[in-house]
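This report refers to the structure that appears directly beneath it.
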Amino acid sequence: MAEILVAYATKSGSTREIAEVIAEQIRHASHEVTVLDAADVRSVEPYKAVVLGSALYAGRWRREAVKLLMRNEKLLARRPVWLFHSGPIGPQQVPQRAPRKVREIAARIGADEPATFGGRLTSETAVGFIAKKMAGSSLAGDFRDWDDIRLWAYLISERLVAAR
Ligand SMILES: Cc1cc2nc3c(=O)[nH]c(=O)nc-3n(C[C@H](O)[C@H](O)[C@H](O)COP(=O)(O)O)c2cc1C
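The opening position of the sequence shown corresponds to residue 1 in the numbering used here, with each subsequent residue numbered one higher.
What follows is the structure, given as structure tokens:
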């Protein structure tokens, strides 16, 4: 078990970009990191630690991220796991707790509740009629705080170094 898995579930790409920055930060500490769409993860068996993030839509995690959690619950319970979601947008950026199912699985596998990172919604990246409408409103913009994201990933890499 050599590698760290950073998996993501996205609709319009911003959560994938967050996952890539997290992976880059963890690689700085000489860890091998694989970044995968959650839909492409068959099993977390080959990985010694897992970071999983999903975009939030209508208060929910994307189905592929929830599926990954459900299908791998036993394996995840035996590895360090960090969860995050990206979503809050607009001037208020109200942080949102993960859906109850995700919080329950997190508790069972011994992971913290997901960290919340701001999201992105722009007319260039919005997918679907509702998203495009919303992208024309005051909710539009890129609210991802890269320093915050890098710091979170740095703390993970430190924990992984300590566990070596
Ligand atoms: C239709 C729609 C519903 C959304 N619902 C939520 C929500 O419930 N909570 C939240 O924090 N963000 C919500 N967002 C914001 C998205 O989570 C945000 O744009 C996120 O960065 C999208 O990630 P993605 O680019 O990886 O798909 C919503 C966005 C859209 C377009």
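Glycine included, C-beta positions come from ideal geometry on N, C-alpha and C.
The three-state secondary structure of K11, taken from DSSP, is coil. Scanning E64, A77, W152 for the CA closest to the CA of I109 turns up A77. Closer than 6 Å to some heavy atom of ligand 1: that does not describe the Cβ of M70. One thing to note: A115 has its Cβ no nearer than 7 Å to the Cβ of W146. Q96 is classed as exposed because its beta carbon has fewer than 16 other beta carbons within 10 Å across all chains shown. S14 has its CB nearer than 6 Å to a heavy atom of ligand 1.
L139 sits in coil when the DSSP states are folded into three classes, being neither helix nor strand. Look at L121: its beta carbon is less than 6 Å from one of the heavy atoms in ligand 1. The alpha-carbon separation between I105 and L139 amounts to approximately 31 Å. In the three-state reduction of the DSSP assignment, I4 falls in the strand class, which pools E and B. Approximately 6 Å separates the beta-carbon atoms of I4 and Y47; this is inside 8 Å, confirming the contact. DSSP places S157 within a helical segment (H, G or I) once states are collapsed to three. Secondary structure within the region 57 to 127: the alpha helix (DSSP H) runs of 4 or more consecutive residues, fully enclosed, are 63 to 71, 73 to 76, 100 to 109 (chain order).
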